[in-house]
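S.K.: Residue numbers (my numbering): 23 to 271. Positions of the beta carbon are idealized from the N, C-alpha and C atoms, including for glycine. Here it is: the structure, laid out below.
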Amino acid sequence: MCTCAGSKDGLVTMAIPAYNRKDVGLTKDTLTAMVEIRATSSAAMREGLDLVAVLDVSGHKIESVKKALQFVIMKLTPVDRLSIVTFDSTARRLTPLRCMTQAAQTDLKAVVDGLQNGGGTDIMAGLELGLAVLRGRVHTESRTANVFLMSDRQTTSGDPREVDPGEVAVYTFGFGAGTDHKLLSDLANKSTGGTYSAVPDGTNLSAPFSQLLGGLLTVVAQDVQLTLEPNTADGDLEKMTVAPGTDYT
């Protein structure tokens, strides 16, 4: 068993200068402000990422799928965990969630290199097994749960839209013209925060995966509570707490 490092709960105090481009009026007014908080880029300080790669090995784009996952493997760090699930007519978990040390990267790259084509395309079975891997996690505190589902074919069994992803973000990727783009888009939209990326033939695979991983690998904290308190003696200004998931617009 390995323990992946991550950020700890804590309280950060900072001074945020606020500017109003409008002329100051003589009556009480409401100022709408946008606050941007940037965290350190150190991997040791960010949240750990738990990722299950669900790979369609039934189609002709298996080499593209391999290249895409090899790219993902090399971008992850020891704070992250990765599991590999494949599907054709059935789904299989090839590896459990592993902290992405250099040794694990080498092992998983070898697993990916050994992938071979199968028959049938049961996207539903692949998605269900990928989500089951995440539901079976032991260490979950402060870790994000995500599924990358890659396919280049039409599903041949069941309706994957019936699968409940819960709180897991499902990111789907469609390779080539034979992909069921509508289905993969629906699966991503049904999840919490997931997106769909179409990868046309001849596309540089690093582009869509770099963009997505760039966002996932910079999460330093989740469910942040932001408290704003003026540092002036103006009695009309009040302390305000912004709770996670609340819209104050």
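What residues are listed by DSSP as bridge partners for Ala-167?
M.R.: Beta-bridge pairing links Ala-167 to Asp-72.
S.K.: Could you spell out where the alpha helix (DSSP H) holding Pro-230 opens and where it closes?
M.R.: Run containing Pro-230: 228 to 238, per the alpha helix (DSSP H) assignment.
S.K.: Expressed to the nearest angstrom, what Euclidean distance is found between the alpha-carbon atoms of Leu-227 and Lys-89?
M.R.: Each residue's Cα considered, the two are about 8 angstroms apart.
S.K.: For Gln-244, is the classification buried or exposed, using 16 other Cβ atoms within 10 angstroms of its Cβ as the cut-off for buried?
M.R.: Because Gln-244 sits at a pLDDT of 49, beneath the cut-off of 50, its placement in the model cannot be relied upon, and the following sentence gives the value as read from the coordinates. The residue in question, Gln-244, is exposed, as its Cβ has fewer than 16 Cβ neighbours within 10 Å.
S.K.: Quick one, which of Pro-222, Arg-165 and Asn-211 has its alpha-carbon nearest Val-87's?
M.R.: Val-87 has its Cα closest to that of Pro-222, out of Pro-222, Arg-165 and Asn-211.
S.K.: Going by other Cβ atoms of all chains shown within 10 Å of its Cβ, with 16 needed for buried, is Met-96 buried or exposed?
M.R.: When all chains shown are included, Met-96 counts as exposed.
S.K.: Say yes only if the C-beta of Phe-109 is nearer than 7 angstroms to one or more non-hydrogen atoms of the ligand PLP, and no if none qualify.
M.R.: As far as ligands go, the structure on display features none, and thus does not contain the ligand PLP.
S.K.: Please report the straight-line C-alpha distance between Thr-128 and Arg-120, rounded to a whole angstrom.
M.R.: Each residue's alpha carbon lies about 12 angstroms from the other.
S.K.: When you compare only the Cα positions, how much space is there between Val-76 and Arg-183?
M.R.: Distance between the alpha carbons of Val-76 and Arg-183 is about 16 angstroms.
S.K.: What ranges does the beta strand (DSSP E) occupy inside the stretch 71 to 138, keeping only unbroken runs of at least 3 residues that lie completely in it?
M.R.: Taking only runs of at least 3 residues, the beta strand (DSSP E) segments lying wholly in the stretch 71 to 138 are 103 to 109 and 113 to 121.
S.K.: Could you name the residues that DSSP lists as bridge partners for Thr-194?
M.R.: Answer is Leu-171 and Tyr-218, bridged to Thr-194.
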